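**Q** According to the numbering used here, the sequence shown is numbered sequentially starting from 7. Here a beta-carbon is modelled for each residue, glycine too, at the ideal position from N, C-alpha and C. Since this is a predicted model, take the numbers as computed values, not measurements.
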Amino acid sequence: MSLKAEYKVKITSEGIQEYFSNASEPHTLVKYDWSVGNVYEFTNSEGVKVKRTVISKSTKDDYPLGFFNVKVIQVEETKVDPLLDKITYIANHKFGLIAVLVKSKNGKESLLSIFPPTLF
Numbered sequence: 007m008s009l010k011a012e013y014k015v016k017i018t019s020e021g022i023q024e025y026f027s028n029a030s031e032p033h034t035l036v037k038y039d040w041s042v043g044n045v046y047e048f049t050n051s052e053g054v055k056v057k058r059t060v061i062s063k064s065t066k067d068d069y070p071l072g073f074f075n076v077k078v079i080q081v082e083e084t085k086v087d088p089l090l091d092k093i094t095y096i097a098n099h100k101f102g103l104i105a106v107l108v109k110s111k112n113g114k115e116s117l118l119s120i121f122p123p124t125l126f
C-alpha cells in the first residue's frame with residue numbers, strides 16, 4: 007500500500023505550522039516549548055473544529071530513532087471525522103516531525119514513521 011500526499015508546512019526553531027486543507031493561513035501543529043495539557047484549537051477551511059492537545063513531553067531521551075534515543079513532544083488531534091478517531095503527531099526539536107500515529111474509529115492504529123523507530 008502506498009500513500010501519496012502533498013501539504014505545505016513551515017518549520018522553524020520554535021515549532022511546526024501546517025497549511026492542510028488548502029488553508030490560506032498556517033495552523034500550529036506543534037510548538038517545542040508547549041507543556042503537557044496545552045491546547046490549540048481552530049476551525050479548518052471546511053468549518054470543522056480541530057483541537058490539538060499536548061499529551062506527552064519527554065524530559066529524557068526515551069524515544070527510539072534510528073540508532074539513538076531522542077526527546078519528543080506528542081500532540082493529539084481530535085476532530086469530527088467519519089473514519090479517524092484521533093491523530094497523534096510526534097516531533098523532536100532537532101528533527102521536526104518524526105512520526106504520526108493514526109487511530110481509526112474501529113480502534114485500529116497505524117504508526118507512520120518518518121524515520122524507522124528501530125533498526126535491526
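For the pair the region 38-48 and the region 68-78, tell me if three or more CB-CB distances fall below 8 Å.
**A** No, because fewer than three Cβ pairs between the region 38-48 and the region 68-78 fall closer than 8 Å, the two stretches do not touch.
**Q** How should Val36 be labelled, buried or exposed, when 16 other C-beta atoms within 10 angstroms of its C-beta is the threshold for buried?
**A** Result: buried.
**Q** Could you spell out where the beta strand (DSSP E) holding Gly113 opens and where it closes?
**A** Per DSSP, Gly113 belongs to no beta strand (DSSP E) and is neither H nor E.
**Q** Phe74 by DSSP, collapsed to three states: which one?
**A** strand
**Q** Quick one: is Lys21 buried, meaning 16 or more other Cβ sit within 10 Å of its Cβ, or exposed?
**A** Here residue 21 turns out to be Gly, not Lys, going by the sequence shown. Gly21 comes out buried.
**Q** Please go through the same chain and pick out, in chain order, the residues whose beta-carbon is closer than 7 Å to the beta-carbon of Leu125, but skip the five residues on each side of it.
**A** Per-residue confidence for Leu125 stands at a pLDDT of 46, beneath the threshold of 50, marking its modelled position as unreliable; the derived number appears in the next sentence. Excluding residues within five positions, the ones whose Cβ falls inside 7 Å are Gly72, Phe73.
**Q** Could you tell me the distance, in whole angstroms, from the CA atom of Ser30 to the CA atom of Lys111?
**A** 29 Å
**Q** In three-state terms, what does DSSP make of Phe26?
**A** Assignment of Phe26 by DSSP, reduced to helix, strand and coil, places it in the helix class.
**Q** So, for Leu118: in the same chain, excluding its five sequence neighbours on each side, which residues have a beta-carbon less than 7 Å away from its beta-carbon?
**A** Ala105, Val106, Val108
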